[in-house]
Every structure is written in structure tokens, then in C-alpha cells.
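Novice:
2 protein chains.
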Amino acid sequence: MSDLAKTERFALAIDAMGGDDAPGMVVAGLALAAERHPGGRFLLVGDEARLRPLLAAHPRARAVCTVRHASEIITGDMKPTVALRLRQSSMRLAIDAVASGEAAGVVSAGNSGALLALAKIVVKTLAGIDRPAMAATVPSARGDVVMLDLGANVVCDSRNLVEFAVMGDMFARTVLGIPEPTIGLLNVGSEELKGDDRLRQAADMLRASPMGARFHGFVAGHDIAAGTTDVIVTDGFTGNVALKTGEGALRLMGGLLRQVFTGSLMAKIAYLLARTGLDRLREWLDPRRYNGAVMVGLNGVVVKSHGGTDALGFAHAVDVAMNMVTHGFTAGIAEGLSKVAERERLPAPGQEESLIEGLASPLAQAK
Amino acid sequence: MSDLAKTERFALAIDAMGGDDAPGMVVAGLALAAERHPGGRFLLVGDEARLRPLLAAHPRARAVCTVRHASEIITGDMKPTVALRLRQSSMRLAIDAVASGEAAGVVSAGNSGALLALAKIVVKTLAGIDRPAMAATVPSARGDVVMLDLGANVVCDSRNLVEFAVMGDMFARTVLGIPEPTIGLLNVGSEELKGDDRLRQAADMLRASPMGARFHGFVAGHDIAAGTTDVIVTDGFTGNVALKTGEGALRLMGGLLRQVFTGSLMAKIAYLLARTGLDRLREWLDPRRYNGAVMVGLNGVVVKSHGGTDALGFAHAVDVAMNMVTHGFTAGIAEGLSKVAERERLPAPGQEESLIEGLASPLAQAK
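Heads up: the protein sequence lines correspond to chains F and W, in order. For the first sequence, the positions run 1 to 367 when the working numbering is used. For the second sequence, the positions run 1001 to 1367 when the working numbering is used.
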């Protein structure tokens, strides 16, 4: 079966060994995802001896999978530098499959730092992109929105932020299905004079870009949950803090509500009466529904699932990856970038090697 | 009455004209606060003709107030540079009263930028403090915690962060009544190697400081609502985004819950049954209970109330200011700084002029 894999084309390569409850949670999640993506073929990479019995128990997963044996595992506490040396790890072999074109994308619930480093080195950055970013959907009063960067780049310049906007725009189209997404730049306030030079410069560049009409300007922290824009652009430090702060606030509220509805017999009856609405609310805010941070800006779809997730959460991460693969996310970004480049009279991706004269553009710096 | 004011000592000077619903909301709020602080005397600064009838309607406020007439008003949309020129504005005269020692602190619901600028210039920075910061309490699963900076300093270095920790420590003692507060430094993760040099350097300095035993190390966004530490230290950009993101998430959840409990007759009955607990929850998370951001690091207590607040929210801002005044917040910071200075073998505040040799210390840079 391992030999067969080499001649097949896969939608996704799946790192079967990453995550707290791997590989059981991965195979169970794949069984759930297979229902929703009947046409998708998956390359399941991991310890064959452990995967066989799991696949036997999940015939739906087995029907869509090809197993590739990996003799090594990148553990959660392993440093990226160490992880990079394990050439036979499940994560590495899954990423290799994307780099070779065997699979269009990869999903892993393993070590984030290792995945980020491996993806950058092995899958490589898309022409025209200086820095890949992490993106994910978050809930808002006006439906799901996408926020990026969530931690791949702790320090960013204005051109990185513009690139993030291009990638977020494409994310909103392909994953959220929004035809004309609006874009906001996260700042300490919405007034034009707020923030530092880097932010004001990025705002000027976005206003002048082909996305200009859909650029809403600066947004503040409360605009994330308000859904003021479909895309929230920020640096990796701020995005990471904002994502986790929002999650923390929702978790706090969830915990307090649980206390209220278990506090007395009357409250328990109240819960039963309001159950439909409360359950729908809980389902909508379920962190598993937001599982699957996407590493955008690479020559392939790379999705990071939360390490502590269960089968349902992992299936959602697979959904995200499948949406991106089937809607041509990677090609869409390249197109979006070439439009920005055209407007800025800069060479389009692929031609940037000829640009020697100065201008520290992300398009010029592209690998 | 205006003449009398000059010989009196006031706990607080109150800017009567700042805020959307001023001066009505201010006088009503003062009446509420007066009940809780029967010993406090207040200098109420604003348009005397408008204040007299309001005080007549609120005898409790009138009993604790002295009115000082101010002929000008700093509006919400005024630029700080313009606001600084209005020498007879209610905000300016209230701040002047702190600078002259006539009042120990000031509360204003007016223009934030103007208050920040005026306070820095008129009240002046405490010896040993490089940069004042904005601090406020936020709700957590383990009770209220304090976070700073919330926007006064968009860019900070490691020594600014250490100063914020000293001030946050004192805030937690005086306003929250926590005898031995724990301190966390906001980062993208809790691992020691995360973040940039500036953060790692600040962490090293905090570990070596007299607060070292209570320094928890790095905390991530979700630790704010989890209440992992009593004090959350961060730069003004990140703090502002985190504060507003958390508020936004709680507001989103509140709005969704309202929909659930008004969605059907059964849900309405459920609300009535669980009302005690739900109302207590709402009360605890009420933004008005968190109203009153404190500008820390000045030679006096400066509290900024939200401009859109009502009497209850303004009364809370007065509470915060009164707690700081009565518990010797300003003197406490000076003492905390001198301890850090001792440990670092740097001159204590007040002696730093003699330090000529290099070391870009906040203590050395003090004005």
C-alpha cells in the first residue's frame, strides 16, 4: 500500500501522530470528515502498526485513506531545530508529500513551532510573499470573520501587513464564502491618526491597492467580536494575544453560565426550558468549530489543528483544509498579489528576480 | 464659594463638564459616591450656572461639594494641542487643583487624549517614572485583576514594562486589596523563550527585582480572563487591543444570551427562573463596574471615566480614585520604585540627577 501511494494524487496528507490523543483522534476525525468530503483522498502518515487497527474500527476513514508508514514522531515539547532533523517523522513525511505535489495540503495537530519551521523550509513560501502567516476564523455578531497573523511573525512591517490583507481577503472568499470581504487593520482606535508609522503606512498602501474600496481603515479590539469587518489584519504578537484574550473571555462567560444553571433546582429547570437556544449558542461558540489555523502564503495548504482537540475538532480542521484546496486558495493568493503588484507598478510574482534597484518591497524580497 | 475653595483641601477635583451626559451624569454620580465616602470633600469644576440647579436636585452631592466656575469646555473631538491652550476649561482647572496640592486626585469623563496630555504636563510624572501608564481592572475567573498599560504608550521598552509592574503591583494592593499580588508579563505563550528580546529582558529584570518571588513569568491572552496573575503587564498597544477584545467578546456573549432568553415564551420563563444568578452575572460583568482607568505614575491620582458612562459608572470611577487617595497609592509607588532601585544598585528616586554614567535606566531618565 505504501508503494501505491507514490502514484496517487491526494487532496490532503494527514499527520496521524500529532496531537494529545493521536492517532485515535485523528482517524476518528478523518472518518467524520470523509462523510462531508466523499470525493477526497487522504494520505495518512504515521505508525502503520498503530493505524491499522484504528482504520479497521473506522471503515469510513479506511475507505478514503492510503497509509504511509513513518518511523519517527515529533513530540510536543521538541524544539523545531531538533524536529527538523527527523527525516522520517510523520509530520515531515506529510509535509514532504505537499512539497512534492503528491498532496495539495497537509493537516497536523502536532508541535506548532516544528510545523511552522518545516512548512516554511520544505513547502516553501509562495512567490511574492515575504512572510507566511497564521490565519483562523473567529466568531462575531455578524458571523465568522478571519484574523491574521496569529503568531507566525511576532514583528511585522507595513508591507507584511499588506500581504496579510491579500491573504486574509482570499481566506474570507474561499473558507468563509464571502464574495467581497471588507478588511480592517487592528489598532488602538479607529481614528486615522492613531497608532504608529508602520500602521499608518500600511493603511495608506491598502487604500491605494485594488482592495482599497473594501478597506475599512483602522479597527479596534471590540470590532473583532462586533464583526465590523470580515478580515482583521494585525501583526503576529497582537493577533496571538487578541485571539487568546477573546477565547479566554468567552470561556470565562461559559464557566460562569454553567455555575448559574447548576446553582439551584430552579436554575436547572430554567436550563431545560431554554436548552434549545443555549445549546445552539454553545455549539456556535464551540472552540472546536474554530479549530484549524491555516498557515497562509505557502506553496500548498498547511493547516494546524489544536493539539488538545478531539475527533470533532480535527474533522473541522480537515474541513478548513478541504475548503482551501477545492477553492484554489493558493492560486487565488498569487493572483491577488499580482494585482497589488500591478497597481504598485512592481514586477508580478515570478518576475521579481529582475528587480535590483532598492525598494524594500515584499514583492522584491520574495524567495 | 469659589474663594473658600482656595483654602480647603479636597480628596478629589471633579471635571463636571466631561462626558456625553455631563454635567447631569457627573452630579448624580457624585451623589452616589458621596454615600460610600462620607468623609470625602470634592471640588466640582464646571459651568456654575448649570451646576447649581443640578446640586439643588442632589442635596447629597451638594453637601460634599465646593463649586469652582470654569468658563471653557474641552469637547470630545478637540485635539490635545488645542485643548492644552484652554486655560479656563473645567478639565484644566480640575487638574490644576491636583498640581497645586489642593486636591489629591482628579476624575474626568472628558477627552482622553487631552486628559493624558494635560495630566503629564500639569500634574507631572513621579520621580523615578519614565512613562505614566493607563491601568484598569478587568474581570477574571479568580476575581478582578489589573492590566496596564492600556494605551498611554504605544511603544515601550523593557524598563518601561518593569515600571508598569511596580505600578500595577501597587494598584492591586490599593484598589483591589490584594496584599501580595502576583505579576504576569503578557506574551504569545508562557514558555520562557517566547517573544522578543524586549520581553525576555523585562522578564529577567522582574525576576531579579524585589517582586521576583511574585513574578509568574510570561502569560498568554487567555490568562487574563483565567486570572492566572493579579497583575497583567504589557505595552499600551497590546493592552488596548486586549482590553477591547475581551470587552467585545463579553458583549457578544451578552447579546447572544439576550436573544436566547427573548426567543420564545419558554425561554422567557427560563429567564425568570434563573434570574437571580443571571442578574448577578450581568452585574458582575457590568462594564460600569470596571469604569475608571487610572493614569498611574503621576504626582497625583488621575482617573479617566468612560465618556459614555452614566451616574453609576461615574460613581465607580470616583470609587477607584478614592481608594487610591485613601490608601496612599502615589507614595506607595515611590516606595516600590526605590526598592527596585536599591536592588539594582541605582540611585533612589530624587537622587538620580547625580547619575551621569550611561545605563539607560528609567530611574536615571526620570524627570
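Virtual Cβ for every residue (Gly too), placed ideally from N, Cα, C. Since the structure is predicted, the reported quantities are computational estimates derived from the model, not experimental observations.
Taking the Cβ atom as the reference point for each residue, do PHE1218 of chain W and ASN1187 of chain W lie within a distance shorter than 8 Å?
Specialist: To locate residue 1218 of chain W, count along the second sequence from 1; it is residue 218. To locate residue 1187 of chain W, count along the second sequence from 1; it is residue 187. Yes, they are a contact pair.
Novice: Taking buried to mean at least 16 other C-beta atoms within 10 Å of its own C-beta, is PRO59 of chain F buried or exposed?
Specialist: In the first sequence, residue 59 of chain F corresponds to position 59, counting from 1. When all chains shown are included, PRO59 of chain F counts as exposed.
Novice: Helix or strand or just coil, what does DSSP make of HIS216 of chain F?
Specialist: By one-based count along the first sequence, residue 216 of chain F stands at place 216. Three-state result, HIS216 of chain F: strand.
Novice: Note down, in chain order, every chain W residue with its Cβ under 7 Å from the Cβ of GLU247 of chain F.
Specialist: Sequence index remark: in the first sequence, residue 247 of chain F carries index 247 (1-based). Correct list: HIS1222.
Novice: VAL166 of chain F lies in the beta strand (DSSP E); which residues open and close that run?
Specialist: Indexing the first sequence from 1 puts residue 166 of chain F at position 166. Note, VAL166 of chain F: premise wrong, no beta strand (DSSP E); alpha helix (DSSP H) at 158-174.
Novice: Thinking just about the alpha-carbon of each residue, which of W:LEU1298, W:GLY1313 and W:VAL1145 is nearest to the one in GLY1105 of chain W?
Specialist: On the second sequence, residue 1105 of chain W is found 105 positions in, with the first residue counted as 1. Cα-wise, what sits closest to GLY1105 of chain W is W:LEU1298.
Novice: Leaving out five residues before and five after ARG1036 of chain W in sequence, what residues of the same chain have Cβ atoms less than 7 Å from its Cβ?
Specialist: Stepping through the second sequence from its first residue, residue 1036 of chain W is reached at position 36. Cβ within range, chain order: ASP1319.
Novice: Report the residue from W:GLY1018, W:GLY1128, W:VAL1122 and W:SER1071 whose alpha carbon sits nearest the alpha carbon of ASP1077 of chain W.
Specialist: By one-based count along the second sequence, residue 1077 of chain W stands at place 77. It is W:GLY1018.
Novice: For SER112 of chain F, count neighbouring C-beta atoms within 10 Å of its own C-beta (all shown protein chains included) and say buried if the count is 16 or more, exposed if not.
Specialist: Taking the first sequence and counting its residues from 1, the one referred to as residue 112 of chain F is at position 112. It counts as buried.
Novice: Among W:ALA1049, W:THR1066 and W:ARG1050, which one has its Cα closest to the Cα of GLY1040 of chain W?
Specialist: Translated into the one-based positions of the second sequence, residue 1040 of chain W becomes position 40. When each option's Cα is compared against that of GLY1040 of chain W, the closest is W:THR1066.
Novice: Please tell me whether VAL1145 of chain W and TYR1290 of chain W are closer than 8 Å, where the distance is taken between their beta carbons.
Specialist: Locating residue 1145 of chain W in the second sequence gives position 145, counting from the first residue. Locating residue 1290 of chain W in the second sequence gives position 290, counting from the first residue. Their beta carbons are not under 8 Å apart, which means VAL1145 of chain W does not touch TYR1290 of chain W by this criterion.
Novice: If the cut is a Cβ gap below 8 Å, which residues of chain W does MET78 of chain F touch?
Specialist: In the first sequence, counting from the first residue as 1, residue 78 of chain F sits at position 78. Here the premise fails: no neighbours, minimum Cβ distance about 13 Å.
Novice: Any beta carbon of chain W sitting closer than 8 Å to that of ASP196 of chain F?
Specialist: As a working note, residue 196 of chain F is residue 196 in the first sequence. With 8 Å as the cut-off, ASP196 of chain F counts as an interface residue toward chain W.
Novice: Counting only beta-carbon separations shorter than 8 Å, does THR238 of chain F have a partner in chain W?
Specialist: Locating residue 238 of chain F in the first sequence gives position 238, where the first residue counts as 1. True, the Cβ-Cβ gap to chain W drops below 8 Å.
Novice: Please tell me whether ARG245 of chain F and ILE1224 of chain W are closer than 8 Å, where the distance is taken between their beta carbons.
Specialist: Here residue 245 of chain F is taken as the residue at index 245 of the first sequence, counted from 1. Here residue 1224 of chain W is taken as the residue at index 224 of the second sequence, counted from 1. Before going on, a small fix: residue 245 of chain F reads as Thr here, not Arg. Yes. Within cutoff.
Novice: Counting only C-beta atoms, is ILE1269 of chain W closer than 8 Å to chain F at any point?
Specialist: Here residue 1269 of chain W refers to the residue found at position 269 of the second sequence. Yes - at least one Cβ of chain F is within 8 Å of the one on ILE1269 of chain W.
Novice: Mind checking which residues open and close the beta strand (DSSP E) that includes HIS1069 of chain W?
Specialist: Position 69 of the second sequence, counting from 1, holds the residue named residue 1069 of chain W. Per DSSP, HIS1069 of chain W belongs to the beta strand (DSSP E) from 1065-1069.
Novice: For a minimum of 4 consecutive residues, which ranges assigned as the alpha helix (DSSP H) are wholly contained in the region 31-98 of chain F?
Specialist: Those alpha helix (DSSP H) runs which fall completely within the region 31-98 of chain F and span 4+ residues are 48-57, 59-64 and 80-83.
Novice: Report back the beta-carbon spacing between LEU1148 of chain W and VAL1296 of chain W to the nearest angstrom; my notes put them in contact at under 8 Å.
Specialist: Along the second sequence, read from residue 1 onward, the residue named residue 1148 of chain W stands at position 148. Along the second sequence, read from residue 1 onward, the residue named residue 1296 of chain W stands at position 296. LEU1148 of chain W to VAL1296 of chain W, Cβ: 7 Å. Contact.
Novice: Since ASP1279 of chain W is in the alpha helix (DSSP H), which residue starts that stretch and which ends it?
Specialist: Walking along the second sequence from the start, residue 1279 of chain W turns up at place 279. Taken as a continuous stretch (DSSP letters only), the alpha helix (DSSP H) holding ASP1279 of chain W covers 1275-1285.
Novice: Would VAL1188 of chain W count as contacting chain F if we go by Cβ distances under 8 Å?
Specialist: Numbered from 1 along the second sequence, position 188 holds the residue referred to as residue 1188 of chain W. Judged by the 8 Å Cβ criterion, VAL1188 of chain W is in contact with chain F.
Novice: So the candidates are F:ILE333, F:ALA99, F:LEU265 and F:ASP130; which of them puts its Cα closest to the Cα of LEU118 of chain F?
Specialist: As a working note, residue 118 of chain F is residue 118 in the first sequence. It is F:ALA99 whose Cα lies nearest to the Cα of LEU118 of chain F.
Novice: Any chance the CB of ALA334 of chain F is under 7 Å from a heavy atom of the ligand COA?
Specialist: In the structure on display, the ligand COA does not appear, and there are no ligands present to speak of.
Novice: Should LEU1256 of chain W be flagged as near chain F, meaning a C-beta pair shorter than 8 Å?
Specialist: In the second sequence, residue 1256 of chain W corresponds to position 256, counting from 1. It does; some Cβ of chain F falls within 8 Å.
Novice: ASP15 of chain F and SER90 of chain F: beta carbons closer than 8 Å?
Specialist: In the first sequence, counting from the first residue as 1, residue 15 of chain F sits at position 15. In the first sequence, counting from the first residue as 1, residue 90 of chain F sits at position 90. Yes, Cβ-Cβ distance for ASP15 of chain F and SER90 of chain F is below 8 Å.
Novice: Taking a contact to mean a Cβ-Cβ separation below 8 Å, would you say MET1211 of chain W touches ILE1178 of chain W in this structure?
Specialist: Translated into positions along the second sequence, residue 1211 of chain W becomes position 211. Translated into positions along the second sequence, residue 1178 of chain W becomes position 178. No. Outside cutoff.
Novice: Ordered along the chain, which non-local residues of its own chain (more than five positions away) have a Cβ less than 6 Å from that of ALA1321 of chain W?
Specialist: Within the second sequence, numbered from 1, the residue matching residue 1321 of chain W stands at position 321. Around ALA1321 of chain W: LEU1012, GLY1105, VAL1107, VAL1301 and VAL1303.
Novice: Mind listing which residues of the region 1284-1318 of chain W have their C-beta closer than 7 Å to chain F's C-betas, in chain order?
Specialist: Answer in chain order: no residues at all.
Novice: Can you tell which of W:SER1264, W:MET1167, W:LEU1044 and W:ALA1056 has its C-alpha closest to the C-alpha of MET1324 of chain W?
Specialist: Within the second sequence, the letter at position 324 stands for residue 1324 of chain W. Cα-wise, what sits closest to MET1324 of chain W is W:MET1167.
Novice: Mind checking which residues open and close the alpha helix (DSSP H) that includes LEU243 of chain F?
Specialist: On the first sequence, position 243 is the one that residue 243 of chain F refers to. Looking at the DSSP string, the run of the alpha helix (DSSP H) that includes LEU243 of chain F is 236-262.
Novice: What residues of chain W sit near SER158 of chain F, judged by a beta carbon separation below 7 Å?
Specialist: Translated into the one-based positions of the first sequence, residue 158 of chain F becomes position 158. Per Cβ cutoff of 7 Å: no residues; SER158 of chain F is ~15 Å from chain W at best.
Novice: By the three-class DSSP mapping on this structure, what secondary structure does ALA364 of chain F have?
Specialist: Counted from its first residue, the first sequence places residue 364 of chain F at position 364. Confidence at ALA364 of chain F is low in this model, with a pLDDT of 32, below 50, so its placement is unreliable and the value that follows should be read with caution. DSSP places ALA364 of chain F in helix when its eight states are reduced to three.
Novice: Under 9 Å between beta-carbons, which chain F residues line up against ARG1251 of chain W? List them in chain order, please.
Specialist: Within the second sequence, residue 1251 of chain W is the residue found at index 251, counting from 1. Correct list: ALA141, HIS222, ALA225 and ALA226.
Novice: Please check if any C-beta of chain F sits within less than 8 Å of the C-beta of GLY1029 of chain W.
Specialist: Stepping through the second sequence from its first residue, residue 1029 of chain W is reached at position 29. Output row for GLY1029 of chain W: interface = no.
Novice: Just reading off the beta strand (DSSP E) that GLY105 of chain F is part of, what are its end residues?
Specialist: As a working note, residue 105 of chain F is residue 105 in the first sequence. Segment 103-108, the beta strand (DSSP E) holding GLY105 of chain F.
Novice: Classify GLU1247 of chain W: buried if its beta carbon has 16 or more other beta carbons within 10 angstroms, exposed otherwise.
Specialist: The residue given as residue 1247 of chain W occupies position 247 in the second sequence. Counting Cβ neighbours within 10 Å, GLU1247 of chain W comes out buried, since at least 16 surround it.
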